[in-house]
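Below is one structure, written out as structure tokens; the observations come after it.
Number of protein chains: 2
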Amino acid sequence: MKENKVPRLAAELRAKIQQGVYPPGSALPKVRDLSESEGVSYQTARDVYEVLRDEGLIISRRGEGTFVSPILGKIHRDGTGRYIKSAREEAGARGAFAAEVARLGMTPGATTEISRERPPKPVAQILGLHHAAKALVRARVMRADATVVQVATSYFPGDVAFGTQLEQQDTGDGGSKSRLAELGYPQVRIRESLDVRTPSKAEAALLGISADGLVYEITHVGLTETGRAVEVCVHVMPITLWSLSYEWPIDQPAV
Amino acid sequence: MKENKVPRLAAELRAKIQQGVYPPGSALPKVRDLSESEGVSYQTARDVYEVLRDEGLIISRRGEGTFVSPILGKIHRDGTGRYIKSAREEAGARGAFAAEVARLGMTPGATTEISRERPPKPVAQILGLHHAAKALVRARVMRADATVVQVATSYFPGDVAFGTQLEQQDTGDGGSKSRLAELGYPQVRIRESLDVRTPSKAEAALLGISADGLVYEITHVGLTETGRAVEVCVHVMPITLWSLSYEWPIDQPAV
DNA sequence: GAGTGGTCTAGACCACAGA
DNA sequence: CTGTGGTCTAGACCACTCG
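Chains as they are written, first to last, in this note's numbering: chain A, 1 to 255; chain B, 1 to 255.
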């Protein structure tokens with residue numbers, strides 16, 4: 001039985017990180033130092049770090065070094081609970097994301113950029129818009145402490161949202177869903193589609209991950225009674241930072 | 001601007017696969033041949049294939065060669081629709097999985113192994129079982145044509161399920177949820193938790209993916225009116241083969 | 001045994017960050 | 001400029017499949 005070096009060294013370092021020998025945010029040995037101290041080639045040492053990078057345990061920055069990720073646990077996103085009244089209270093005025101991050105003992109933060117733009121094709125299709133029609137776009141960058149953990153971009157049809165409070169920085173109490181209800185578009189159903197893909201270059205830069213790290217892409221659609229989609233939000237988040245859950249009632253099978 | 005070789009060659013091959021130059025299941029050039037024909041080193045040629053492998057487009061088998069994946073599109077799993085009556089009819093007697101695969105024009109298949117075992121710790125906890133208590137275990141291996149696309153293992157508490165039809169190969173019309181309802185444990189809510197992780201060695205072998213390919217792990221829990229979990233099913237499926245969705249009603253915010 | 005993919009090495013050079 | 005991670009090369013050897 002031949003013992004492979006990369007998984008063995010990765011396991012050793014993984015254990016040290018989890019035991020706190022290298023605490024979150026701290027610097028790890030330079031690749032060339034690891035290579036020498038472990039008696040392996042440069043490429044092999046790099047491969048060891050690549051394994052841990054793909055697991056979300058460490059982060060490498062060219063020209064700087066390799067560091068333990070500041071967030072080791074996973075943030076839990078409850079897809080359904082966030083729209084139930086009791087959960088809204090736990091969240092307070094700050095929304096579901098804030099509660100999810102706070103539950104990990106970290107401080108949530110977000111910045112929002114508002115614009116009028118042509119949405120990407122799949123979004124335009126869901127909203128039932130002309131391919132050239134503009135939508136209200138709210139692009140949010142969300143942080144836990146100083147780390148960007150999610151990029152979420154919401155799209156609203158212009159005929160519904162232009163000139164309303166949805167175009168202000170603060171969407172007010174109850175958020176976009178309450179404003180849309182006031183405007184005559186109450187949502188009765190949510191649909192979320194989920195996929196895993198590689199990040200775009202811009203997303204990788206924002207999220208501070210490598211181009212071959214993976215992200216969840218969650219497409220959230222809010223539907224009115226008539227089935228019209230009045231809100232689409234695309235959430236992009238590193239798979240290493242999040243776990244997800246959904247809960248819903250089912251029909252009783254006849255006994 | 002320096003042009004990197006791996007992404008460029010990967011893009012060329014990706015295009016050829018998608019255009020059908022290399023159809024699903026066909027053999028690709030051997031690594032050493034690609035290396036020579038493209039004028040790159042062996043390692044670089046391998047890296048090109050690694051990129052496509054991680055995307056799920058190709059499969060490599062040691063000692064045999066490299067092949068285009070037999071399944072290029074994604075199978076869509078609708079988490080909620082599968083428990084709604086109308087969807088049950090589309091599925092016919094065969095269940096939601098069969099419908100999902102058939103929708104792609106492929107032939108579904110499954111084999112089930114039934115046993116009494118101690119469930120893994122997290123499952124025992126959800127079911128509220130002693131750490132040594134046995135449960136009824138139904139381990140299913142699910143195929144689309146000849147490809148294994150999902151491994152799903154269901155656990156039922158022994159006091160509920162031992163000696164019932166749930167211990168037979170065929171759980172009968174309406175499946176396990178109908179049988180549990182008849183036994184006095186109708187489920188009213190489903191909770192699914194979702195994560196992405198690397199496969200175990202056994203899972204990688206079954207699913208025919210490499211040890212560093214990733215899988216969804218979906219933990220499906222069926223809850224009765226009182227909140228008791230009477231069914232836990234752990235689904236393991238390659239992220240490259242599946243996309244997921246959920247749909248549910250929401251509370252109306254006050255206007 | 002011949003042919004295949006997988007791992008590792010030693011070393012060159014590139015791209016980027018920071019003093 | 002120095003030091004860092006990232007890419008690529010040429011070649012050795014290992015692990016596995018098939019005839």
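A virtual CB, placed ideally from N, CA and C, is assigned to each residue, including glycine.
{"Query": "Starting from the C-beta of Arg191(B), find all residues in its chain whose C-beta is less than 6 Å away, skip the five residues before and the five after it, and write them out in chain order.", "Result": "Val221"}
{"Query": "Distance cutoff 8 Å, beta carbons only. Does Glu231(A) sit that close to anything in chain B?", "Result": "no"}
{"Query": "Taking Tyr246(A) as the query, report the chain B residues whose CB atoms sit under 9 Å from its CB, ordered along the chain.", "Result": "Gly79, Thr80, Ile190, Arg191, Glu192, Ser193, Leu194, Tyr246, Trp248"}
{"Query": "For Pro157(A), which residues does DSSP report across the bridge?", "Result": "Ala135(A)"}
{"Query": "Considering only heavy atoms of the ligand GDP, does any lie closer than 7 Å to the CB of Glu64(A)?", "Result": "No copy of the ligand GDP appears in this structure; indeed no ligand is present at all."}
{"Query": "Classify Leu104(A) as helix, strand or coil using the three-state DSSP reduction.", "Result": "coil"}
{"Query": "Note down, in chain order, every chain B residue with its Cβ under 8 Å from the Cβ of Tyr83(A).", "Result": "Ile250, Asp251"}
{"Query": "Would you mind working out which of Leu241(B), Ala144(B), Tyr22(B) sits nearest Pro108(B), comparing C-alpha positions?", "Result": "Ala144(B)"}
{"Query": "Taking Cβ positions, are Ile126(B) and Leu104(B) nearer each other than 8 Å?", "Result": "no"}
{"Query": "Is there a Cβ from chain B that is less than 8 Å from the Cβ of Ile239(A)?", "Result": "yes"}
{"Query": "Kindly give me the distance between the Cβ atoms of Arg278(B) and Glu100(B), rounded to whole angstroms, as I take these residues to be in contact under 8 Å.", "Result": "Past the boundaries of the shown model lies residue 278(B); chain B is included only from 1 to 255, so the question cannot be answered."}
{"Query": "Listing by chain order, which chain B residues have their CB less than 8 Å from the CB of Ser243(A)?", "Result": "Ser193, Leu194, Asp195"}
{"Query": "Between Ser60(B) and the rest of its own chain, which residues show a CB-CB distance below 7 Å, the 5 nearest in sequence each way excluded?", "Result": "Tyr49, Arg53, Thr66"}
{"Query": "Any idea if Lys177(A) is buried or exposed, counting beta-carbon neighbours within 10 angstroms, 16 or more meaning buried?", "Result": "buried"}
{"Query": "For Ala102(A) and Ala96(A), I'd like the C-alpha separation in whole angstroms.", "Result": "10 Å"}
{"Query": "Decide if the stretch 169 to 186 of chain B is in contact with the stretch 222 to 230 of chain B; the criterion is three or more beta carbon pairs, one per stretch, under 8 Å apart.", "Result": "yes"}
{"Query": "What are the partner residues of Ala144(B), as DSSP defines its beta bridges?", "Result": "Pro108(B), Thr147(B)"}
{"Query": "Identify every residue that forms a DSSP beta bridge with Pro249(A).", "Result": "Arg189(B)"}
{"Query": "Check whether the stretch 197 to 210 of chain B and the stretch 13 to 20 of chain B touch, using three or more Cβ-Cβ pairs below 8 Å as the test.", "Result": "no"}
{"Query": "DSSP beta-bridge partners for Glu203(B)?", "Result": "Partner(s): none; Glu203(B) has no beta bridge."}
{"Query": "For Leu28(A), which option in Ala152(A), Leu9(A), Ile58(A) has the closest C-alpha, if you only look at C-alpha atoms?", "Result": "Ile58(A)"}
{"Query": "Does the distance from the C-beta atom of Thr112(B) to that of Ala139(B) stay below 8 Å?", "Result": "yes"}
{"Query": "Consult DSSP for Gly175(A) and reduce its assignment to one of helix, strand or coil.", "Result": "helix"}
{"Query": "By alpha-carbon positions, which one of Ala10(A), Gly73(A), Ser37(A), Thr80(A) ends up nearest to Tyr246(B)?", "Result": "Thr80(A)"}
{"Query": "Helix, strand or coil for Thr164(A), going by three-state DSSP, please let me know.", "Result": "coil"}
{"Query": "Just to confirm my understanding: we take Thr226(A), look at its own chain, exclude 5 residues before and 5 after, and list those with CB closer than 7 Å. What are they?", "Result": "none"}
{"Query": "Less than 8 Å between the beta carbons of Ser26(B) and Ser35(B), yes or no?", "Result": "no"}
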